[in-house]
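Visitor: Got a structure here, written out as structure tokens. Questions coming.
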Amino acid sequence: MGALSGIKVADFSRVLAGPYATMMLADMGATVTKIERKGVGDDTRHWAPPVTDSGISTYFASVNRNKNTVALDLRDPDDLATARDLIAEADVVIENFRPGTMDKLGLGFDAARELNPAVVYASLSGFGSGPGRDLGGYDLVVQAMGGLMSITGPSPDEPTKAGVALIDVLTGLHLGMGILAALHHRDANPDSGGRGQHIEINLLSTALSSLVNQASAYLNAGVIGVAQGNKHPSIAPYEVFRTADGSIAIAAGNDSLYQALCRCMDREDLATEPRFATNSSRVMHRLDLVAELEHTLATKTSKEWFALLREAGVPAGPVNNVADAFAFAEAEGLAPIVEIDGEKSVRNPISFSETPVEYRTPPQPLPGAEG
Numbered sequence: 001m002g003a004l005s006g007i008k009v010a011d012f013s014r015v016l017a018g019p020y021a022t023m024m025l026a027d028m029g030a031t032v033t034k035i036e037r038k039g040v041g042d043d044t045r046h047w048a049p050p051v052t053d054s055g056i057s058t059y060f061a062s063v064n065r066n067k068n069t070v071a072l073d074l075r076d077p078d079d080l081a082t083a084r085d086l087i088a089e090a091d092v093v094i095e096n097f098r099p100g101t102m103d104k105l106g107l108g109f110d111a112a113r114e115l116n117p118a119v120v121y122a123s124l125s126g127f128g129s130g131p132g133r134d135l136g137g138y139d140l141v142v143q144a145m146g147g148l149m150s151i152t153g154p155s156p157d158e159p160t161k162a163g164v165a166l167i168d169v170l171t172g173l174h175l176g177m178g179i180l181a182a183l184h185h186r187d188a189n190p191d192s193g194g195r196g197q198h199i200e201i202n203l204l205s206t207a208l209s210s211l212v213n214q215a216s217a218y219l220n221a222g223v224i225g226v227a228q229g230n231k232h233p234s235i236a237p238y239e240v241f242r243t244a245d246g247s248i249a250i251a252a253g254n255d256s257l258y259q260a261l262c263r264c265m266d267r268e269d270l271a272t273e274p275r276f277a278t279n280s281s282r283v284m285h286r287l288d289l290v291a292e293l294e295h296t297l298a299t300k301t302s303k304e305w306f307a308l309l310r311e312a313g314v315p316a317g318p319v320n321n322v323a324d325a326f327a328f329a330e331a332e333g334l335a336p337i338v339e340i341d342g343e344k345s346v347r348n349p350i351s352f353s354e355t356p357v358e359y360r361t362p363p364q365p366l367p368g369a370e371g
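Its first residue numbered 1, the sequence shown is counted upward by one per residue in the UniProt record's numbering.
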């Protein structure tokens, strides 16, 4: 039995951030009912190819296991009544329509609370419910407007998005944490009267929070970060280096690890060189340090260096493609792939000693429609 067994979720969200959050809740045992638009479904059902063996978009499949699916037309009075019934029975409602849309349908927080005072109601948007409510909340746009693209990529002249919709994923994780906190408050505090509450989260605020050290550098020191490729603005060596046959990431995040790196490479001279003796001096003389390291790294393959650095306790690893990454995780005993009725999925990264994650059902086809 999962940790959230008995919790019912009415999921009106689409695309990625909301569905990622509800899949995490479903993995932990919650009963999630995904409400999709009749005849059309979630946008990601149409983001194909590629598709699974059962014909479902792999994008949709990535965030929609363990859910029951119903298709409703919220403009239809009968379907709207069904939606209200789902809300009345739910512990959690999640929606990511443009701000105000659920209110117009009579399904907003105030209406939901009248139906179900205990409901935890989560609203997800791109830019909040204020002046930015009219802006479309797509991850690419938020990566651009939220500053992430300006610090990502090979140079300041080539702003680059992350290889996945990272802000959507981070927003889904923050949303899930907020929901769990609200459920705990409802159930563990007698003064709450068993009442739920309204949670609001937006992609832009998540993006800014996720800038972490880059945000702090600006807020507290006036430093506006720029794209530096794979370099770290405050640590060296901490980047990707060329080897004899490819690349390897090395993260010598303190002086002790740097010294271990030098010993492993048989370059003790670099450990005592004044320009490289401390992290601050290494950052100041990064180009010189990189040239010295790559001169030596060019003598062996990435695989050879990985084995040596691993044995020396220096955090490092070859730059894998997606297939290589799964193969490595498999070799390390992490069992990264689960199969549900023939559909493959990525294992939930959380392990529970008492309430293990559940894999019950694969992503469902849209009722009344193809795939």
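The C-beta atom is built at its ideal place from N, Cα and C for all residues, glycine as well.
All of these numbers come straight from a predicted model, not from anything done at the bench.
CA-CA distance, P99 and V32?
Guide: C-alpha separation (whole angstroms): 23 Å.
Visitor: Straight-line CA distance for D53 to E343?
Guide: One C-alpha to the other measures close to 8 Å.
Visitor: Determine the extent of the beta strand (DSSP E) in which Y121 is found, giving its start and end residues.
Guide: Looking at the DSSP string, the run of the beta strand (DSSP E) that includes Y121 is 120-125.
Visitor: Give every residue of the same chain whose Cβ lies closer than 8 Å to the Cβ of G371, excluding the five residues on either side of it in the sequence, and list them in chain order.
Guide: Note that G371 has pLDDT 41, beneath the 50 cutoff, so the model's placement of it is unreliable and no number is given.
Visitor: From what residue to what residue does the alpha helix (DSSP H) around E358 run?
Guide: Here E358 belongs to no alpha helix (DSSP H), and DSSP marks it neither H nor E.
Visitor: Which residues does DSSP pair with S57 in a beta bridge?
Guide: Per DSSP, V51.
Visitor: So what does DSSP say about residue 377, is it helix, strand or coil?
Guide: Since the first residue of the chain shown is 1 and the last is 371, residue 377 is not available in this structure.
Visitor: Do L16 and V169 have their CB atoms nearer than 9 Å?
Guide: Cβ atoms of L16 and V169: closer than 9 Å.
Visitor: Who are the Cβ neighbours of V119 in its own chain at under 8 Å, not counting the five residues just before and after it?
Guide: Excluding positions up to five away in sequence, the list reads I87, A90, D91, V92, V93, A112, R113, G196.
Visitor: Classify A10 as helix, strand or coil using the three-state DSSP reduction.
Guide: A10: strand per DSSP, three-state reduction.
Visitor: Excluding the 5 residues flanking F12 on each side, which residues of the same chain have their C-beta closer than 6 Å to its C-beta?
Guide: Closer than 6 Å at the Cβ level, and outside the excluded window around F12, lie I35, E95.
Visitor: For H174, count neighbouring C-beta atoms within 10 Å of its own C-beta (all shown protein chains included) and say buried if the count is 16 or more, exposed if not.
Guide: Flag for H174 reads buried.
Visitor: Would A3 and T355 be called neighbours here (beta carbons separated by less than 9 Å)?
Guide: Taking 9 Å as the Cβ cut-off, A3 and T355 qualify as a contacting pair.
Visitor: Considering only the alpha carbon of each residue, which of M1, T152, F60 lies closest to A30?
Guide: Among M1, T152, F60, the Cα nearest to that of A30 belongs to M1.
Visitor: Out of A71, M23, A26, N64, point me to the one whose CA is closest to R37's CA.
Guide: Cα-wise, what sits closest to R37 is A71.
Visitor: On the three-pair Cβ rule with 8 Å, is the stretch 220-231 touching the stretch 197-208?
Guide: Segments in contact, no.
Visitor: Tell me, please, which residues DSSP counts as bridged to V32.
Guide: In the DSSP output, where bridge partners are listed per residue, V32 has V9, K67.
Visitor: Give me the Cβ distance between A252 and V314, rounded to the nearest whole Å; I'm assuming they're in contact under 8 Å.
Guide: Contact holds; Cβ gap of about 6 Å.
Visitor: Check P77 in the structure and name its three-state DSSP category.
Guide: Helix.
Visitor: Would you list, in sequence order, the uninterrupted alpha helix (DSSP H) runs of no fewer than 4 residues that lie entirely inside the stretch 173-216?
Guide: Counting only runs of 4 or more, we get 203-209.
Visitor: Whole angstroms is fine: what's the gap from D78's alpha carbon to I248's?
Guide: Roughly 59 Å separates the two Cα atoms.
Visitor: Quick check: the Cα distance between G176 and H232, rounded to an integer number of angstroms?
Guide: Rounded to whole angstroms, G176 to H232 spans 30 Å at the Cα level.
Visitor: Does the stretch 265-279 come into contact with the stretch 211-221, if we say contact requires no fewer than three beta-carbon pairs (one atom in each stretch) closer than 8 Å?
Guide: Because the criterion of three Cβ pairs below 8 Å is not met, the stretch 265-279 and the stretch 211-221 do not touch.
Visitor: Assuming P336 and A329 form a contact by the criterion Cβ under 8 Å, report the distance between their Cβ atoms to the nearest whole angstrom.
Guide: Confirmed, about 4 Å.
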